[in-house]
Amino acid sequence: MANKLFSSFKIKDVELKNRIVMSPMSMHSSDEEGEVKNFHLTHYTSRALGQAGLIFLETLIVNPNGLVGPGDLGIWDDKHIKGLRNLVEQIQSFGSKVGAQIGHAGRLAKKEGVDLIAPSPIPFNESKKTPVEMTKEDIHKFIIEYKNAARRAKEANFDVLEIHCAHGYLLNEFLSPLSNHRTDEYGGSFKKRYQIVKEIIDVVNEEWNGPLFVRISATDYHKDGNTNETYVEYAKLMKVQGVDLVDCSSGGIAPVKVDSYPNYQVPAADKIKNIVNIPTGAVGLITTGRQAEEILKNNRADLIFVGREFLKNPFWPRQAAEELKVDIETPVQYTRYGSKWLAH
Ligand SMILES: Cc1cc2nc3c(=O)[nH]c(=O)nc-3n(C[C@H](O)[C@H](O)[C@H](O)COP(=O)(O)O)c2cc1C
């Protein structure tokens, strides 16, 4: 049977040349304005030369008070479109597709002098500030910020859009019963905790008609929190709303130490894919081509998201290809002097 990691994958009109995705990773290399810098051009285009099928930029922040950390890239204003469009074009010119992950850090936001916001006034842990409970008006404004971010992502020519609902940030805080104690239509039952995500997907769909992914934390690692089974049910709702792929990460809501090991998050991607019949992405300590191939060939996920290995090695796809004995494209500049690849 042919190799799967280097087979193409089509979602809507977007065709990825392989199943390797550079996972979103905040680089904190912008400034207060959240604009694209030379660092971003160098960092992301080198992974395009390295033959990633899809490159996610780090979380793009939908409101300047929702920073994951200082120096995050922004998508909260139309002024960001130009820099993002240029970055997207540069990456695409080397054959990779580009994803925008949009998010807000909620009660984990790092911005001096502003109140933290969250579904309920529950701090992450004892040493963190207590957030202010969002009013319904805040929630409605926040939903519009996502709509605007989706419009800007479209104007900047991104190929894929991902809504960040993971890692203990704002939308994850709504989904989890540990952080959402609301008694209005945005909290309480499992379905009501999903209400804000539902409304965001609806408004995003008004602006964005390309591939739409959602990143989830498929377990809270807590006896009173969400589990893989809860997310099977959430993924069913996402599928009805036209979400194309569920990107399965985990944790971040509860201050617990996560026991991570190779493929530790793959069972969630497997379960959601096979029970809900929706494409999934697997992520987390996937470091070798053989590991990735096993996940794909056994139909446990459709895309392989690679994080830290891509930080160590922009040419990780080539390393995986050599391991799997697959011949992949070489950037034309590297084929001069008769050598297909200098290492040979
Ligand atoms: C420096 C760094 C920054 C990260 N930033 C983000 C981010 O912006 N959005 C996100 O969803 N995940 C983020 N992550 C998580 C990664 O996308 C990925 O899920 C995680 O590192 C596990 O994959 P890995 O074992 O291949 O690194 C970050 C991880 C690292 C190491």
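Note that numbering that gives the first Met the number 0 has the sequence shown beginning at 0, numbered continuously upward. Glycine included, each C-beta is placed from N, C-alpha and C at the ideal position.
Item, Value
"Heavy atom of ligand 1 within 7 Å of residue 282 beta-carbon", "yes"
"Straight-line Cα distance separating residue 237 from residue 2", "30 Å"
"Residue 248 to residue 336 span [Cα, whole Å]", "44 Å"
"Per-residue burial, residue 332 [other beta carbons within 10 Å of its own, 16 or more giving buried]", "exposed"
"Beta-carbon proximity of residue 164 to residue 215, cut-off 8 Å", "yes"
"The region 107 to 127 touching the region 214 to 234, judged by at least three CB pairs closer than 8 Å", "no"
"Rounded Cβ spacing between residue 96 and residue 53 (contact assumed at less than 8 Å)", "5 Å"
"Same chain only: Cβ atoms within 6 Å of residue 296, ignoring 5 sequence neighbours per side", "3"
"Residue 177 versus residue 263 - alpha carbon distance", "22 Å"
"Beta-carbon proximity of residue 195 to residue 142, cut-off 8 Å", "yes"
"Cβ neighbour criterion (16 or more within 10 Å) applied to residue 113", "exposed"
"Range covered by the alpha helix (DSSP H) that runs through residue 269", "265 to 275"
"Short Cβ contact (8 Å threshold) for residue 45 with residue 72", "no"
"Pairwise C-alpha distance: residue 10 and residue 328", "22 Å"
"From 171, 206, 292 and 210, residue whose alpha carbon lies closest to that of residue 193", "171"
"Residue 123, buried or exposed, once every other Cβ within 10 Å from all chains shown has been counted against 16", "buried"
"Closest by C-alpha distance to residue 210, when choosing among 77, 47, 168 and 149", "149"
"For residue 24, three-class secondary structure by DSSP", "coil"
"Cα-Cα separation between residue 85 and residue 104, rounded to whole angstroms", "26 Å"
"Cβ neighbour criterion (16 or more within 10 Å) applied to residue 230", "buried"
"Contact set for residue 330: own chain, Cβ-Cβ below 6 Å, skip 5 residues either direction", "48"
"Counted within 10 angstroms of its Cβ, other Cβ atoms place residue 273 as buried (16 or more) or exposed", "exposed"
"Cβ-Cβ separation, residue 319 to residue 265 (assumed contact under 8 Å), whole Å", "The pair is not a contact, with the Cβ atoms about 16 Å apart (cut-off 8 Å)."
"Cβ shell of residue 77 (< 7 Å), same chain only, five flanking positions each side left out", "151"
"Proximity test, residue 32 beta-carbon vs ligand 1 heavy atom, cut-off 7 Å", "no"
"Chain-order list of residues whose beta-carbon lies under 7 Å from that of residue 314 (same chain, five-residue window excluded)", "49"
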